[in-house]
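Peer 1: Pasting a structure here, questions to come.
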Amino acid sequence: MGLSEEEWGRTRCLLVDANYRVIAASDGKGVLADRHYLQAEAQRGHYQNAEQALVGYALTPGYETYTGMGWYGVVVQQPSDRFG
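Anchor point for the sequence shown: position 57 equals 57 in our numbering, and the numbering is continuous, going up by one each time.
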């Protein structure tokens, strides 16, 4: 089951490097210009940010003996206003 159009409209998928610089974004905004700092307490998790958006993240894995580059996959979903 995927996201509805309404959910996609308020969701942004990001790839951030080890310095939290946006290196890819589903909406194409802020690439190589913005930083998206995470409240990452583990290699993966989720939290609600100050804007009430739900943020999910996971550290990208390496491969065999390669430890990876410290990049994170991030999904940010703004709250729905249908209940507000």
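Backbone N, C-alpha and C define an ideal beta-carbon position, used for all residues, glycine too.
Decide if residue 35 is buried, meaning its Cβ has at least 16 other Cβ atoms within 10 Å, or exposed.
Peer 2: Residue mapping note: residue 35 aligns to position 35 of the sequence shown, counting from 1. That one is exposed.
Peer 1: Taking Cβ positions, are residue 46 and residue 54 nearer each other than 8 Å?
Peer 2: Within the sequence shown, numbered from 1, the residue matching residue 46 stands at position 46. Within the sequence shown, numbered from 1, the residue matching residue 54 stands at position 54. In this structure, residue 46 sits near residue 54, with a CB-CB distance shorter than 8 Å.
Peer 1: Work out the CA separation of residue 73 and residue 52 for me, nearest whole Å.
Peer 2: If you number the sequence shown from 1, residue 52 lands on position 52. If you number the sequence shown from 1, residue 73 lands on position 73. Whole-angstrom Cα-Cα distance: 19 Å.
Peer 1: In terms of residue numbering, what span does the alpha helix (DSSP H) encompassing residue 9 cover?
Peer 2: Residue 9 sits at position 9 when you count from the first residue of the sequence shown. Segment 5 to 9, the alpha helix (DSSP H) holding residue 9.
Peer 1: Which stretch, first to last residue, makes up the beta strand (DSSP E) that contains residue 48?
Peer 2: Locating residue 48 in the sequence shown gives position 48, where the first residue counts as 1. Looking at the DSSP string, the run of the beta strand (DSSP E) that includes residue 48 is 44 to 48.
Peer 1: Counting C-beta neighbours from all protein chains within 10 Å, is the total for residue 85 16 or more, i.e. buried, or is it exposed?
Peer 2: Nothing can be reported for residue 85, as the shown portion of the chain is limited to 1 through 84.
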